[in-house]
Amino acid sequence: MTRFLLLGMLCMTAAGAAVARDLPTTRSAPPPTETAATECFAEAIGNNPSALALARNGRWYEAAGVIGFLCRPEVEAMVRAHDQRHGWGTGDRYFRGTYTRHLARALEERMKPALETKTWANAEPRPDAEGAGSKP
């Protein structure tokens, strides 16, 4: 009887160690709710001229503050998901701490194409060019 009990405890310990060993120690990709919130911020900043001007000047937190209310559903979903995974109250701390600290970098990466100055050529003459529209 004691032998079976010891054998059972040994198996449970080995199984627990195997599970603990398989768990990732670092997060490889952000959860979908975090990605959705960041995408919402990026899209809303891109669609708002004043927020976009702030972003072009590197003032990301102010830009996010201009449009923050538009992304409230995504942020609340992210906070709820974090609370479910890590315990009540951790989602709000995560949003105000870690997520906010890294938001500027994430937005800059996502919006880099929109923030770059684009130059393009136009084959039509300018309206103020000499001789445009005047015939001798």
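Counting from 6, one number per residue, gives the positions in the sequence shown under the numbering used here. The beta carbon of each residue, even a glycine, is placed where N, CA and C say it ideally should be.
For the alpha helix (DSSP H) that residue i lies in, which residues bound it at each end?
i, result
"E129", "No alpha helix (DSSP H) holds E129; DSSP gives it neither H nor E."
"A34", "No alpha helix (DSSP H) contains A34, which DSSP labels as neither H nor E."
"R61", "P54 to R61"
"G94", "Here G94 belongs to no alpha helix (DSSP H), and DSSP marks it neither H nor E."
So for residue i, helix, strand or coil by DSSP?
i, result
"E121", "coil"
"R110", "helix"
"R77", "helix"
"R101", "helix"
"R64", "coil"
Which residues in the same chain have their Cβ closer than 7 Å to the Cβ of residue i, if we skip the five residues on either side of it in sequence?
i, result
"H87", "T95, G96 and Y99"
"L120", "A60 and R61"
"P36", "A86"
"N53", "V71 and I72"
Residues in its own chain within less than 6 Å of residue i by CB, not counting five upstream and five downstream?
i, result
"A56", "I50, A68, V71 and I72"
"T38", "A82, M83 and A86"
"A41", "E79"
So, at 8 Å on beta carbons, what are the nonlocal neighbours of residue i in its own chain, with the 5 sequence-adjacent residues on each side left out?
i, result
"L108", "T43, F46, W65, Y66 and A69"
"T105", "Y66"
Any heavy atom of the ligand ZN closer than 7 Å to the beta-carbon of residue i?
i, result
"K117", "Looking for the ligand ZN in the displayed structure turns up nothing, as the structure carries no ligands at all."
Please determine if the segment 56-66 and the segment 94-104 are in contact, where contact requires at least 3 C-beta pairs separated by less than 8 Å. No, they do not touch.
Are the segment 105-113 and the segment 70-87 touching by the rule of at least three beta carbon pairs closer than 8 Å? no
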